[in-house]
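Everything on this sheet refers to the single structure shown next.
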RNA sequence: CGGGGCGUAGCACAGCCUGGUAGUGCGCUCGGUUUGGGACCGAGAGGUCGGAGGUUCGAAUCCUCUCGCCCCGACCA
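Residue numbers (our numbering): 1 to 582.
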């Protein structure tokens, strides 16, 4: 491409709306323009990068036996009603009606559609396994689109689905995808990790999340340097030292605590208790199978609740903290004086079925202090099992940096920020059962197909690549996904000799199979250098005064080092560099 | 959905409080000088001040409504 005619609208100043680095650089380097919140147009440079990413996705999917499809983005509601997700999914789905007033939606993922093909066409175990994938647009009405291409409402996803006869087959398919994902992210030049994560409303047993470490990310990952344990905070556990309790009291004892509202307050209150001897009581309203269920979550006073863990433990699609009025109606006291003792009975009087869920760290604890469900009063000497009898026990606690690794003896956990770039799920038979996708086994039995689903966000890869590869001057693309391999910069286009040298070199590079860009603009050299740095092309060949001596300057974007190379050798040199690993 | 902020030229912003000719820098066009890290001089083009309604002799400016965008929180497959 000739830069003089190519559309690369670079910006000198940072756009006011951009906050994170990748967003600023995507705009400044002329890759994207915004159309609406979470909706962006991809300009030619971005499209080139996206196509390179997609090519890697295709190659690695094909390598593990994937077959590429292209499914509709517009879906009739019926198919989503069959799986139950038309109701299960809330406002995140873009819904619309057609002219006949029929419910439709824009696809946010394609389990239902792929499953509908599978159930109609797959009949026999002999046809399995199948590995199907597509690269296609997805629509999600995110509550808060943000950070450029990080959280979008319309984005490109590579989604793959596997269909197996049994669990063993799924294990193999899952492992294949996992390996493919490792190769994909490695080839894209990303620093990534595989972590345990919540499956959310996807359902299924096991899921692995692929994350790229970056401060711009929204996920928190706990890792152990000693044994390699890694988990999203929504799933991570840790070992915390147990607290030795005294014998406690034969029954809880109420005492007045005027003005005490928080765990902290009670630690300093005369006759109070240290935080690890208190029970934190949080009232939530969970949405379970479209029903509102009040829940009292109990944790150790010095521990933090993780809401995703709570939702997962309850099988809820959504949890929110109860409003102050709801809390008072339910338990007869305000937040700050709440507790599990007698809570179920108190709620019953108000005609509510209160569900009590307690964190595992409260197991076997006695002599605890907690609210009395009476303003300005607490109870001491509470024995959790004896006095509260939770309906269930679950891991509800957020782990923190410095806590002991749950897997190994020596390690401690470190928590860092990351962004999700891919997620793979063992779905099992959730969709095949609800939608009737079955095959006949060798002995003639009809069994539901065992499925897996695997997603990668194309824009997330691009965003992560920039977040992890940039400097003060701009983007530093990994060679594998750079929009061009090399840019030929003619310092003065009005100089006949320089121009002709540049033109020839440009054509030779192309002939050698390289993606080359010729900067033939009538601009000062400085402007061209700045733009080339900003856009982040891995190599720049500067055609300047040294041409008289038969030399061009080879500049490496990443290291900002340059070297003079003989004109006759430069093409093979660049070819070697461009094809070399990252 | 709760809290905060912002919509004025392609971009970044000033002007608004205290109503009276719509400005600055970058970019763009033309001419000239320059030419290896975002040049300089000169001359230009470019704006229904997000939209609607109201107050007023007069509204970018004051009032009401509305649309949009950004950030924090909540949420998130």
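We put the beta carbon where it would ideally sit given N, CA and C, even for glycine.
Output the distance between the C-alpha atoms of residue i and residue j, rounded to the nearest integer angstrom.
| i | j | result |
| --- | --- | --- |
| residue 113 | residue 386 | 51 Å |
| residue 45 | residue 5 | 13 Å |
| residue 288 | residue 315 | 6 Å |
| residue 482 | residue 292 | 50 Å |
| residue 390 | residue 421 | 38 Å |
| residue 60 | residue 464 | 19 Å |
| residue 136 | residue 285 | 36 Å |
| residue 18 | residue 260 | 43 Å |
| residue 476 | residue 466 | 7 Å |
| residue 437 | residue 115 | 7 Å |
| residue 271 | residue 326 | 30 Å |
| residue 427 | residue 129 | 15 Å |
| residue 350 | residue 331 | 8 Å |
| residue 394 | residue 68 | 41 Å |
| residue 53 | residue 188 | 7 Å |
| residue 194 | residue 139 | 25 Å |
| residue 232 | residue 197 | 5 Å |
| residue 480 | residue 80 | 38 Å |
| residue 102 | residue 96 | 8 Å |
| residue 346 | residue 258 | 22 Å |
| residue 382 | residue 469 | 54 Å |
| residue 29 | residue 11 | 7 Å |
| residue 248 | residue 368 | 8 Å |
| residue 564 | residue 425 | 51 Å |
| residue 274 | residue 414 | 26 Å |
Going by C-alpha to C-alpha distance, which of the options sits closest to residue i?
| i | options | result |
| --- | --- | --- |
| residue 185 | 209, 168, 410 | 209 |
| residue 446 | 528, 119, 67 | 119 |
| residue 174 | 450, 542, 521 | 450 |
| residue 283 | 272, 324, 270, 267 | 324 |
| residue 223 | 363, 417, 183, 257 | 417 |
| residue 334 | 348, 355, 371, 352 | 371 |
| residue 88 | 205, 318, 484, 395 | 318 |
| residue 183 | 231, 64, 216 | 64 |
| residue 532 | 522, 517, 544, 546 | 517 |
| residue 296 | 254, 42, 357 | 357 |
| residue 486 | 256, 553, 425 | 553 |
| residue 132 | 75, 57, 168, 76 | 57 |
| residue 35 | 145, 81, 344 | 145 |
| residue 489 | 540, 535, 507 | 540 |
| residue 51 | 548, 494, 484 | 484 |
Exposed or buried, which one is residue i when buried takes at least 16 other CB atoms within 10 Å?
| i | result |
| --- | --- |
| residue 513 | exposed |
| residue 39 | exposed |
| residue 70 | exposed |
| residue 440 | exposed |
| residue 121 | exposed |
| residue 7 | exposed |
| residue 312 | buried |
| residue 22 | buried |
| residue 497 | exposed |
| residue 9 | exposed |
| residue 238 | buried |
| residue 569 | exposed |
| residue 262 | exposed |
| residue 453 | buried |
| residue 294 | buried |
Determine the extent of the beta strand (DSSP E) in which residue i is found, giving its start and end residues.
| i | result |
| --- | --- |
| residue 666 | It is not possible to answer for residue 666, since the shown part of the chain is limited to 1 through 582. |
| residue 255 | 253 to 256 |
| residue 232 | 230 to 232 |
| residue 553 | 551 to 556 |
| residue 538 | Where residue 538 is concerned, there is no enclosing beta strand (DSSP E), given that its DSSP letter is neither H nor E. |
| residue 378 | 377 to 382 |
| residue 75 | 74 to 76 |
| residue 292 | 291 to 300 |
| residue 208 | 207 to 213 |
Taking the continuous alpha helix (DSSP H) assigned at residue i, which residues delimit it?
| i | result |
| --- | --- |
| residue 132 | It is not in any alpha helix (DSSP H) - residue 132 instead sits in the beta strand (DSSP E) that spans 130 to 139. |
| residue 62 | 44 to 63 |
| residue 67 | Note, residue 67: premise wrong, no alpha helix (DSSP H); beta strand (DSSP E) at 67 to 69. |
| residue 312 | 307 to 314 |
| residue 267 | 263 to 268 |
| residue 181 | 167 to 187 |
Confirm the yes/no value for this check: CB of residue i, any heavy atom of the ligand GTP, distance under 7 Å.
| i | result |
| --- | --- |
| residue 143 | Ligands are entirely absent from the displayed structure, and the ligand GTP is therefore not among its contents. |
query: Can we say the region 153 to 168 touches the region 456 to 463, given the rule of at least three CB pairs closer than 8 Å?
result: Contact holds: three or more Cβ-Cβ distances are below 8 Å.
message: Does the structure place the region 292 to 307 close enough to the region 270 to 284 that three or more beta carbon pairs sit under 8 Å?
response: Between the region 270 to 284 and the region 292 to 307 there are three or more inter-stretch CB-CB distances shorter than 8 Å, so the stretches are counted as touching.
task: Count the C-beta pairs between the region 402 to 414 and the region 88 to 102 that are closer than 8 Å, then say yes if the count reaches three, no if not.
output: no
message: Contact between the region 213 to 223 and the region 428 to 437 is defined here as three or more beta-carbon pairs at a separation below 8 Å; is this criterion met?
response: no
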